[in-house]
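This report concerns only the one structure given below.
2 protein chains.
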Amino acid sequence: MKTQILVSHPQIKGSGTQKFLETTGKYFSNNFFESIDLTYPDGDIDIDTEQDRLREADRIIFQFPMYWYQAPDSLSRYMQDVFTRKYVESQRALRDKELGIVVSIGDALSQFQLGGSEHFTLSELMAPYAAFANKAGMKFLPIFPVEQFSYMDESQRLKLASDYAAYIGAEQPFSLVGRTEWLTSQLESIMTKRENKTAIKLIIDSINDRKDRIDDLQENIKLIRDEEE
Amino acid sequence: MKTQILVSHPQIKGSGTQKFLETTGKYFSNNFFESIDLTYPDGDIDIDTEQDRLREADRIIFQFPMYWYQAPDSLSRYMQDVFTRKYVESQRALRDKELGIVVSIGDALSQFQLGGSEHFTLSELMAPYAAFANKAGMKFLPIFPVEQFSYMDESQRLKLASDYAAYIGAEQPFSLVGRTEWLTSQLESIMTKRENKTAIKLIIDSINDRKDRIDDLQENIKLIRDEEE
Chain U
4 MKTQILVSHP
14 QIKGSGTQKF
24 LETTGKYFSN
34 NFFESIDLTY
44 PDGDIDIDTE
54 QDRLREADRI
64 IFQFPMYWYQ
74 APDSLSRYMQ
84 DVFTRKYVES
94 QRALRDKELG
104 IVVSIGDALS
114 QFQLGGSEHF
124 TLSELMAPYA
134 AFANKAGMKF
144 LPIFPVEQFS
154 YMDESQRLKL
164 ASDYAAYIGA
174 EQPFSLVGRT
184 EWLTSQLESI
194 MTKRENKTAI
204 KLIIDSINDR
214 KDRIDDLQEN
224 IKLIRDEEE
Chain X
4 MKTQILVSHP
14 QIKGSGTQKF
24 LETTGKYFSN
34 NFFESIDLTY
44 PDGDIDIDTE
54 QDRLREADRI
64 IFQFPMYWYQ
74 APDSLSRYMQ
84 DVFTRKYVES
94 QRALRDKELG
104 IVVSIGDALS
114 QFQLGGSEHF
124 TLSELMAPYA
134 AFANKAGMKF
144 LPIFPVEQFS
154 YMDESQRLKL
164 ASDYAAYIGA
174 EQPFSLVGRT
184 EWLTSQLESI
194 MTKRENKTAI
204 KLIIDSINDR
214 KDRIDDLQEN
224 IKLIRDEEE
């Protein structure tokens, strides 16, 4: 599966969050990053190149910091210029592709609700992108928020790396079993390139062992439910 | 009351809708129009000038055609640059002002609902601007949609002009009585400058006559309701 990540960030070079995500994403194959702001500093977008590249993608990610509850202006301009009516509605060039949103926020996620300082939920605020996916015949993925990256400790960042890698690369839906299989396959592909095969083999065995136990648990839960009915 | 209308439209010179709205709005005093795209063609916004001007306004209007369910990029850039955290959150410079949205759409408004081709309502799609108003301590006005302007006939355009003039200039809330009083005061101010005073006086009398009849009706409805309780 090919994933095209479109990053919109006016100060991308100074962004620790974006650097972290790009390093994580590039560790795996088939993830292609493009910073709209760095590629087109004067805003003069090469429409043909962009349209052709997106045709090749199975999953498209809009990745950005939230500026006043929207993406920065470079993504707006990109959408205006590249997503022509001809491309999206006549040619249906994006049909059946997936659209994901990776949005980093400086406030706590818990503030995005009624009674919170931000009042609206992320689902409400990202509605324009969901509406675009609807119009383009794309499947809109659950939003992936990156919450207060600068406050994260090492273990939280490791978890973010693992979750993010799965979000951009693993098959939908993001079930526990699906993610485990994806992680195992990624580790196996890494193992063939590395020297410390024994360590990676141990990790894979450990993951599979836990997966087996989860499968057992799920089977037991199913039995109990069946008896109750 | 002073109203500052910020127009975001990359091809504003070719827009019949924007020309019509601007002509209507400029007919009345205290409405100030600014095309972000014409004032800052290179995107280099004069932040101090903009911040100072907005301090003077009682009502601020974001006016734009909907491009993929959002405003064009010039409004995003304007908000990023002019609405600094210091200005909005520390100085509270926009507090208690009103924020209105005038959004022109090429599809029928009836498509903006579950089951319609656009799937989402205008209220859902404009949530980022309502979230901004919430954060800035502004009062968010009901959205003013301009639906398929190019298909409108003369009488529909006259109605649009009257509704739009009230939206940007009349006191909140937009009740029938409040609007009638606003319209009468506007006509009286026009009458002092014009020669055809008799004609305008006739219109004012006609409006006031209808207003009296509406007042009577409302009084009757109130009496019936009171009896029912």
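Note that the protein sequences, when read in sequence, are chains U and X.
If you're matching positions, the first sequence starts at 4 in the numbering used here and goes up one per residue.
If you're matching positions, the second sequence starts at 4 in the numbering used here and goes up one per residue.
Quick reminder that beta carbons are idealized off the backbone N, C-alpha and C, glycines included.
All figures in this text were calculated on a predicted structure; none of them were measured in a lab.
One alpha carbon belongs to X/Tyr132, the other to U/Lys200, and they sit about 53 Å apart. If you look at X/Val91, you'll find it isn't in any beta strand (DSSP E); DSSP assigns it neither H nor E. For X/Arg98, there is no enclosing beta strand (DSSP E), since its DSSP letter is neither H nor E. For U/Phe67, the uninterrupted beta strand (DSSP E) segment begins and ends at Arg62 to Pro68. When secondary structure is reduced to three states using DSSP, X/Gln151 falls in the coil class, being assigned neither helix nor strand. Put simply, of X/Ala96, X/Thr187 and X/Thr20 the residue whose alpha carbon is nearest the alpha carbon of X/Leu163 is X/Thr20. Short of 8 Å from the beta carbon of U/Leu9, and not among the five residues preceding or following it, lie these beta carbons of its own chain, in chain order: Glu37, Ile39, Ile63, Ile64, Phe65, Gln66, Leu78 and Tyr81. Linking U/Lys225 to U/Ile217 through their CA atoms gives a straight-line distance of about 12 Å. Interface flag for U/His122 against chain X is set, since a Cβ pair is found closer than 7 Å. The C-beta of U/Phe23 comes no closer than 7 Å to any C-beta of chain X.
When Cβ pairs closer than 8 Å are counted between the two stretches, the stretch 104-123 of chain X is seen not to touch the stretch 51-60 of chain X, the count staying below three.
Note that the C-beta distance between U/Ile48 and U/Asp99 is not below 7 Å. The beta-carbon separation of U/Ala168 and U/Gly17, rounded to 24 Å, does not stay under the 8 Å limit for a contact. When Cβ-Cβ separations below 7 Å define contact, X/Asp40 makes no contact with chain U.
In this structure, X/Glu191 keeps its C-beta atom at 7 Å or more from the C-beta atom of X/Gly181. Under the DSSP definition of a beta bridge, U/Ser38 partners with U/Val10. Per DSSP, the beta bridge partners of U/Gly103 are U/Ile64. Annotated three-state conformation of X/Lys5 is coil, per DSSP.
Put simply, the backbone Cα of U/Phe152 is about 28 Å away from that of U/Asp61.
Under DSSP, X/Gln73 forms a beta bridge with X/Tyr70.
A distance below 6 Å between beta-carbons, with the five flanking residues on each side excluded, links U/Ile203 to the following residues of its chain, in chain order: Leu190 and Met194.
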